[in-house]
Amino acid sequence: MRSDRTKASTALKIAAGAGLLFLQLPILLIFVYAFTTEDKSFQWPPPGLTTKWLAVTWERRDVWQALGLSLQVACIATVLALLLGTLCAAALSQAKFFGKEAITLLVILPIALPGIVTGIALRSAFGLFEIPFSFWTIVLGHATFCIVVVYNNAVARFRRLSSSLVEASYDLGADGFTTFRHVILPNIATALLAGGMLAFALSFDEVIVTTFTAGQQQTLPIWMLEELIRPHERPVTNVVAMAVVLVTFLPILAAYYMTRNGDETAGVGK
Numbered sequence: 001m002r003s004d005r006t007k008a009s010t011a012l013k014i015a016a017g018a019g020l021l022f023l024q025l026p027i028l029l030i031f032v033y034a035f036t037t038e039d040k041s042f043q044w045p046p047p048g049l050t051t052k053w054l055a056v057t058w059e060r061r062d063v064w065q066a067l068g069l070s071l072q073v074a075c076i077a078t079v080l081a082l083l084l085g086t087l088c089a090a091a092l093s094q095a096k097f098f099g100k101e102a103i104t105l106l107v108i109l110p111i112a113l114p115g116i117v118t119g120i121a122l123r124s125a126f127g128l129f130e131i132p133f134s135f136w137t138i139v140l141g142h143a144t145f146c147i148v149v150v151y152n153n154a155v156a157r158f159r160r161l162s163s164s165l166v167e168a169s170y171d172l173g174a175d176g177f178t179t180f181r182h183v184i185l186p187n188i189a190t191a192l193l194a195g196g197m198l199a200f201a202l203s204f205d206e207v208i209v210t211t212f213t214a215g216q217q218q219t220l221p222i223w224m225l226e227e228l229i230r231p232h233e234r235p236v237t238n239v240v241a242m243a244v245v246l247v248t249f250l251p252i253l254a255a256y257y258m259t260r261n262g263d264e265t266a267g268v269g270k
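Heads up: the sequence shown begins at 1 in UniProt numbering, then just goes up one per residue.
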């Protein structure tokens with residue numbers, strides 16, 4: 001029986017390794033092609049390796065403009081998501097009223113719908129109200145699904161927060177703001193931070209919704225899509241993709257370590 005367990009364990013390890021290789025190999029190829037000497041096509045194995053594309057990318061003003069726009073949009077969308085998502089979570093987790101489940105469904109609907117549906121809906125709404133496409137239309141588009149990420153994290157933590165702590169604070173003479181600052185916020189802070197990091201990562205690499213709300217502006221993912229169809233300096237796109245992987249990986253990793261020991265992160269997938 002012990003031999004059977006060993007065989008099963010070995011088979012599971014091999015299967016797990018094959019699954020990880022299948023998932024991560026394309027990402028590893030991005031890192032390799034970022035240093036290839038070939039500038040117009042991707043060959044395997046690469047004809048040679050060089051670091052010159054790092055310098056070329058550093059000198060590209062369009063890369064920095066797209067990166068700056070993506071960072072600004074992600075930061076503001078994350079702030080909006082933290083404010084609105086936390087307020088929604090506080091209201092829906094503490095109150096009981098008719099239609100609560102229907103409202104909850106409406107709150108999480110943007111992240112459940114395909115991105116193209118959300119993009120078309122936002123574009124139609126902006127056209128109906130004659131709102132020109134701008135930086136703020138991108139922010140509003142990203143905030144629709146970032147709110148859900150923060151809400152899912154916050155509502156899970158609110159449900160674990162004992163109501164007796166809040167009641168004790170009021171009994172001791174604290175007002176609503178003081179209670180929130182000294183009782184509620186310390187208990188939900190890590191959930192909000194994790195939700196904010198995930199929201200930032202989702203906003204930073206969003207493509208579909210941005211396509212419908214950006215107009216002529218280019219965020220970094222949109223820039224990358226347009227650069228792929230150009231035959232010259234393709235490794236530059238891979239250098240930028242490598243940077244995007246690092247930028248989005250770090251907050252997601254941090255959010256994972258902050259919430260791995262509890263139930264704070266609920267339904268964070270997109």
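Glycine residues also receive a C-beta, built at the ideal position from the N, C-alpha and C atoms.
Do you know whose CA, among the options, lies nearest residue i's CA?
i: A154; options: E167, T144, N187; result: N187
i: I120; options: R181, A214, R234, N238; result: A214
i: L71; options: R234, F200, K13, S134; result: F200
i: V56; options: W44, T86, F35; result: F35
i: Y33; options: I14, T118, M242, F98; result: M242
i: P235; options: F31, E130, L87, A66; result: F31
i: T118; options: I252, F212, G195, Q94; result: F212
i: L253; options: E226, T210, L193; result: L193
Can you list, in chain order, the residues of its chain with a C-beta nearer than 7 Å to that of residue i? Leave out the 5 residues immediately preceding and following it.
i: V183; result: L165, V166, S169
i: A90; result: F158
i: L84; result: I147
i: T179; result: V166, S169, Y170
How long is the line joining the alpha carbons of residue i and residue j, rounded to whole angstroms?
i: A77; j: V240; result: 22 Å
i: M197; j: V148; result: 13 Å
i: A174; j: R181; result: 10 Å
i: S163; j: A112; result: 30 Å
i: W124; j: L106; result: It should be pointed out that residue 124 corresponds to Ser in this sequence rather than to Trp. Rounded to whole angstroms, S124 to L106 spans 19 Å at the Cα level.
i: K270; j: D62; result: With a pLDDT of 41 at K270, under the threshold of 50, the modelled position of this residue cannot be trusted; read the value that follows with caution. When rounded, the distance between both Cα atoms is 29 Å.
i: L54; j: L246; result: 15 Å
i: K52; j: W44; result: 19 Å
i: R60; j: L49; result: 21 Å
i: L161; j: A81; result: 21 Å
i: T10; j: F22; result: 18 Å
i: Q65; j: T248; result: 18 Å
i: F133; j: T210; result: 11 Å
i: T226; j: K13; result: The question names Thr, but residue 226 is Glu in the sequence shown. Answer to the nearest angstrom: the Cα atoms are 40 Å apart.
i: F177; j: A189; result: 15 Å
i: L87; j: A15; result: 44 Å
i: E101; j: V244; result: 37 Å
i: L172; j: I108; result: 36 Å
i: Q94; j: L185; result: 15 Å
i: P114; j: W58; result: 35 Å
Quick one: what's got a C-beta closer than 8 Å to residue i's C-beta in the same chain, skipping five residues either side?
i: L104; result: This sequence places Thr at residue 104; Leu is not what is there. Cβ within range, chain order: L92.
i: G17; result: none
i: L20; result: none
i: P110; result: T118, T144, F145, I147, V148
i: T137; result: L122, F126, I131, T213, A214, G215
Indicate, with yes or no, if the ligand FAD has a heavy atom lying under 7 Å from the CB of residue i.
i: A66; result: Summarising the ligand content, the structure contains no ligands, and the ligand FAD is consequently not present.
Excluding the five sequence neighbours on either side, which residues of its own chain have a C-beta within less than 6 Å of the C-beta of residue i, listed in chain order?
i: A191; result: N153, A154, R157, E264
i: I116; result: I208
Hey, would you say residue i sits closer than 8 Å to residue j, going by beta carbons?
i: G195; j: V150; result: yes
i: Q217; j: F135; result: yes
i: T237; j: L250; result: no
i: L202; j: F129; result: no
Are the stretch 202 to 215 and the stretch 17 to 32 in contact at 8 Å, needing three or more beta carbon pairs? no
Evaluate contact between the stretch 63 to 80 and the stretch 140 to 154, counting only Cβ atoms and requiring at least three cross-stretch pairs below 8 Å. yes
Would you be able to state if there are at least three C-beta pairs under 8 Å between the stretch 51 to 71 and the stretch 219 to 228? yes
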